[in-house]
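Under our numbering, think of the first position of the sequence shown as 36, with each following residue one higher. Backbone N, C-alpha and C define an ideal beta-carbon position, used for all residues, glycine too. Below is one structure, written out as structure tokens, with a few remarks after it.
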Amino acid sequence: VWKVSTTQSITWTKQGTFANVKLEYSTDAGATYPNLIVASTPAAGLSYGWTIPDNVSSQVRVRISDAADATVTDSSAANFNIKPVVTLDFPNGGDVFVVNSVQSIIWSMVGTIANVKLEYSTDGGSTYPYTIISSTPAGALSYPWTIPDTISNTCKVRVSDAGDSTVNDESNAFFKIRGSLTLTAPNGAE
Numbered sequence: 036v037w038k039v040s041t042t043q044s045i046t047w048t049k050q051g052t053f054a055n056v057k058l059e060y061s062t063d064a065g066a067t068y069p070n071l072i073v074a075s076t077p078a079a080g081l082s083y084g085w086t087i088p089d090n091v092s093s094q095v096r097v098r099i100s101d102a103a104d105a106t107v108t109d110s111s112a113a114n115f116n117i118k119p120v121v122t123l124d125f126p127n128g129g130d131v132f133v134v135n136s137v138q139s140i141i142w143s144m145v146g147t148i149a150n151v152k153l154e155y156s157t158d159g160g161s162t163y164p165y166t167i168i169s170s171t172p173a174g175a176l177s178y179p180w181t182i183p184d185t186i187s188n189t190c191k192v193r194v195s196d197a198g199d200s201t202v203n204d205e206s207n208a209f210f211k212i213r214g215s216l217t218l219t220a221p222n223g224a225e
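Laid out in structure tokens, this is it:
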């Protein structure tokens with residue numbers, strides 16, 4: 036699994052003398068290779084740093100060929116994945132939220148994600164039994180959350196791609212949900 040915008044190494048070995056190689060990739064399991072990585076890079080380098088594009092797919096393959104002779108070629112033996120990245124920015128731990136207050140859940144992302152799912156845990160992230168919302172537009176980058184009456188000192192929030200739960204992030208540390216009290220009498224002037 037290679038994440039969008041990370042830099043990954045494409046490596047190869049070669050036999051014989053030729054100057055440059057061409058690198059392309061496929062998102063349809065190698066049926067076609069319409070996506071150019073680089074038209075020409077030194078063959079003797081045996082490696083190329085590829086910045087992963089926002090072309091999410093589970094059927095990615097890379098093809099290498101001699102830049103001067105396309106019949107000298109090889110490709111990935113099996114598919115690999117390009118996945119987006121989602122990061123939970125808030126709440127990220129150490130906060131104290133009061134029941135019925137409204138807090139913004141904030142996330143950022145790299146790559147294309149249509150919708151995210153928001154969940155929370157009161158057992159330190161061992162389980163996520165509570166759904167805040169099952170699908171909200173990922174591009175909004177925030178969601179107003181009315182804090183529920185589930186008092187705990189070990190809460191976490193998890194944000195995930197609504198279409199691929201393996202793309203997710205959770206609070207780095209615990210936050211607290213607490214109740215509140217308001218004294219109404221005596222309140223002065225009695």
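For residue i, three-class secondary structure by DSSP
{"i": "G223", "result": "coil"}
{"i": "G80", "result": "helix"}
{"i": "A173", "result": "helix"}
{"i": "I186", "result": "coil"}
{"i": "S93", "result": "strand"}
{"i": "F209", "result": "coil"}
{"i": "I117", "result": "strand"}
{"i": "I148", "result": "coil"}
{"i": "T217", "result": "coil"}
{"i": "V36", "result": "coil"}
{"i": "S75", "result": "strand"}
Residues that DSSP places opposite residue i in a beta bridge
{"i": "T139", "result": "It is Ser, not Thr, that sits at residue 139 in the sequence shown. In DSSP, S139 forms a bridge with P179."}
{"i": "T122", "result": "S143"}
{"i": "Y165", "result": "Y155"}
{"i": "V131", "result": "K211"}
{"i": "V202", "result": "Answer by DSSP bridge pairing: none, since V202 is not bridged."}
Integer Cβ distance of residue i from residue j, believed to fall under 8 Å
{"i": "V16", "j": "P126", "result": "In the structure as shown, the chain starts at 36 and stops at 225, and residue 16 therefore has no counterpart that could be examined."}
{"i": "N203", "j": "S195", "result": "4 Å"}
{"i": "S92", "j": "T62", "result": "4 Å"}
{"i": "A64", "j": "R96", "result": "7 Å"}
{"i": "V131", "j": "R213", "result": "6 Å"}
Contact with chain D by residue i, beta-carbon distance below 8 Å
{"i": "S156", "result": "Considering every chain present, this structure includes no chain D. It has just one protein chain."}
Scan the segment 38 to 72 and note each continuous beta strand (DSSP E) run of 3 residues or more that stays entirely inside, going in chain order. 42 to 46, 55 to 61
Should the segment 148 to 162 be regarded as contacting the segment 104 to 111, the criterion being three or more beta carbon pairs within less than 8 Å? no
When you compare the segment 128 to 140 with the segment 69 to 82, are there three or more beta-carbon pairs, one atom per stretch, that lie closer than 8 Å? no
Flag this pair as touching only if the segment 207 to 222 and the segment 172 to 181 have three or more C-beta atom pairs under 8 Å; answer yes or no. no
Using a Cβ distance threshold of 8 Å, determine whether the segment 98 to 109 contacts the segment 180 to 190, with at least three qualifying pairs required. no
Validate contact between the segment 160 to 168 and the segment 50 to 60 using beta carbons, cut 8 Å, 3 pairs: no
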